[in-house]
Structure formats: C-alpha cells, structure tokens
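Worksheet for the structure shown next.
Residue numbers (our numbering): -3 to 195.
In structure tokens form, the structure reads like this:
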C-alpha cells in the first residue's frame, strides 16, 4: 500500500481472524471427533469472510481484468486438488465446492454482478436486492441439479447478502450503527436468523 492508501489494522486483523475461522470450520472434515464448537464456527465463518471481501471492495472502481486473476489460482489449485483426490476436470467443473476453491470463483462472479449493478439506473441498494432475487430464482430453478452445482448456486444466493453488507460497512454503515442502538439490535437479530436459515 502507498502512503495515500495506508493499511487499516482492524481490517487486516479481521481478515486474519476470518481465515483462522475458515481453517477451524473445516476441521471436522479431517477429524473423527464430532465437535459442536467447530460446527458452530462453520455456520458463520464464510459469511464473515465474504463480508470482509465486501469491505475491501470499492463498488465505484471494480477493475474486472484484475479481479479475473482470481480465476488463475482457482483453476490451478482447484483442478490440482481434484486430480489429487482422484477426480476429473468434469467433476471439478460440475461440483458445488470446485475442489474446495469455490470461494474464488463465487467472489469473481460477485464482482461481475456488482459491476453490472453499477450500470443499472437505480440506486446501488436496489440493484443488490434485484441481484439477490435473481440468485434465489436461479438457485430454486437449478437446486439439486448438475447445472446448480456447476454454477455453485448454493454459495451464491446464501453469501451475496454478506458481500453486500461488507460494502455497506465500507460506505459508512458502521458509523451509522454506532449512533443507533435499536437498529443495531434489529440487524443483529436479522443476521442470526439469516445465518440459521443459511446454515
């Protein structure tokens, strides 16, 4: 970062915390122990990670060619891991988790959707709601089908609201919430309901 764009410590700390939660949230996959703590972490670690991604995304300046570079590690490591586990390129493409690297693919799609949202004649918030409705319709249309898994519709419709929430935090939502206790409590209840439904 240059002097004009200094790093913000709490954002870096939040990213590190989210990464730690992602690791802990996947611990049950590799352990015979059924631990309720790790299952609880699994409910919110990816929503938090996606919200942090929204915080560091400027909707006014989305450089899609730069964002497309995320697809390079997605393809290299995702396909590599799939082959290592005995899968094929087709199984990589048609699976929801994409060899465990679905996040990079979904984040790139979110950046595409956000760029499209900026082209709409309405306010950003309206565009985000319309995109959420589109993602939910897409998921309902293709749920439990090869197409749905290929597009990772599970992850998209569940995590788009958290990505948008991160963008709102970037645009001053945190400062606004600090001045209003009742909306903070209402938003907290809403987040818990969404997490419970999505989980």
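Every residue, glycine too, gets a C-beta built ideally from N, C-alpha and C.
No experiment lies behind these values; they were computed from the predicted model shown.
Asked, Found
"Pairwise C-alpha distance: residue 103 and residue 46", "8 Å"
"Same chain only: Cβ atoms within 7 Å of residue 145, ignoring 5 sequence neighbours per side", "90, 91 and 92"
"Short CB-CB distance (under 7 Å) between residue 54 and chain D", "In the displayed structure, chain D is absent; only one protein chain is listed."
"Whole-angstrom C-beta distance between residue 88 and residue 75, which should lie under 8 Å", "5 Å"
"At least 3 beta-carbon pairs within less than 8 Å: the region 93 to 100 vs the region 118 to 125", "no"
"Contact between the region 105 to 125 and the region 1 to 16 (3+ Cβ pairs under 8 Å)", "no"
"Cα-Cα separation between residue 161 and residue 79, rounded to whole angstroms", "36 Å"
"Complete alpha helix (DSSP H) runs within the region 78 to 117 (minimum length 4 residues, chain order)", "85 to 89 and 98 to 115"
"Cβ pair residue 58, residue 109 closer than 7 Å", "no"
"Nearest candidate by alpha-carbon position, reference residue 5, set 101, 44, 65 and 52", "52"
"C-beta atoms of residue 152 and residue 186 nearer than 7 Å", "no"
"Residue 57 - containing alpha helix (DSSP H), residue span", "Residue 57 -> no alpha helix (DSSP H), and no H or E assigned at all."
"C-beta contact flag for residue 20 and residue 48 at 7 Å", "no"
"Start and end residues, alpha helix (DSSP H) containing residue 159", "149 to 164"
"For residue 181 and residue 101, the rounded distance between their alpha carbons", "33 Å"
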